[in-house]
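Residue numbers (my numbering): 312 to 495. Backbone N, C-alpha and C define an ideal beta-carbon position, used for all residues, glycine too. Keep in mind it's a predicted model, so treat the numbers as computed, not measured.
What follows is the structure, given as C-alpha cells:
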C-alpha cells in the first residue's frame, strides 16, 4: 500500500543515507525498492538542507542502465544530452511528462482490455504484475497523472471504438511534429 507522505531520507556528511521512519541506514537499491513499491521519497542533505532527490534518482537510473537493465534507448539519451544545450530545454520536460502520461494512459487501457479478453487475467499473480507495472510507471513518471486509473464510469468511456488509441497516436504525432520544428 503506497503512502502519500514522502519517505524522508537524510544524507549525512559521510554520504550515508538514513531512513527517518525506520531509523536505519539504506542503500540506493533500498530507495529504488521503496519507489517500486509506490512510495515517494525525498532525500535531504542533513547539513545544508538541500533537496538531493533528483540527483539520487538519476544515480539509480544510471546504475540500472550501466548494469544492462536498459530502458532508455541511446537515441533518447543522446537527445536528452542535446536538450541541455539547446533552446528546446524548456519544452523537453513538458514533452517528456506528456509522453509518459500518454504511455501510462495507454497501458492502463491495455491492461483493462486484457482483463476482459485475456484468460491470463485470471491467472494467479496477474494482479501482482499489474501492481508492479503501476509502481514502475509511477517511478518513471514522477507520479504524474493518477494511478490506478479512475474506476469505470468515472469518466466517459470510449472502450471498443478504438478512438482512444487514435487520440493517443494523434497527440504523439503532434508532439513529435512540434519537437521537430523546434530542432530546425
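- Here residue 479 is near residue 413, since their CB atoms are less than 8 angstroms apart.
- Pairing residue 391 with residue 370 gives a Cβ-Cβ distance that is not under 8 angstroms.
- With respect to residue 355, residue 321 sits close: the two C-beta atoms are nearer than 8 angstroms.
- DSSP, read as helix, strand or coil, puts residue 395 in coil.
- Per DSSP, residue 323 has no beta bridge partner at all.
- About 5 angstroms separates the beta carbon of residue 446 from that of residue 347, a gap short enough to meet the 8 angstroms contact definition.
- Partner residues in the beta bridge of residue 336, as assigned by DSSP, are 329.
- An exposed status is given to residue 487, since fewer than 16 other beta-carbon atoms sit within 10 Å of its beta-carbon.
- For residue 352, the secondary structure class from DSSP, reduced to helix, strand or coil, is strand.
- For residue 364, the enclosing alpha helix (DSSP H) stretches over residues 364-377.
- In terms of Cβ geometry, residue 383 and residue 376 form a close pair [threshold 8 angstroms].
- Residue 483 and residue 422 have their C-alpha atoms some 20 angstroms from each other.
- Within the model, the alpha-carbon separation for residue 396 versus residue 402 is close to 13 angstroms.
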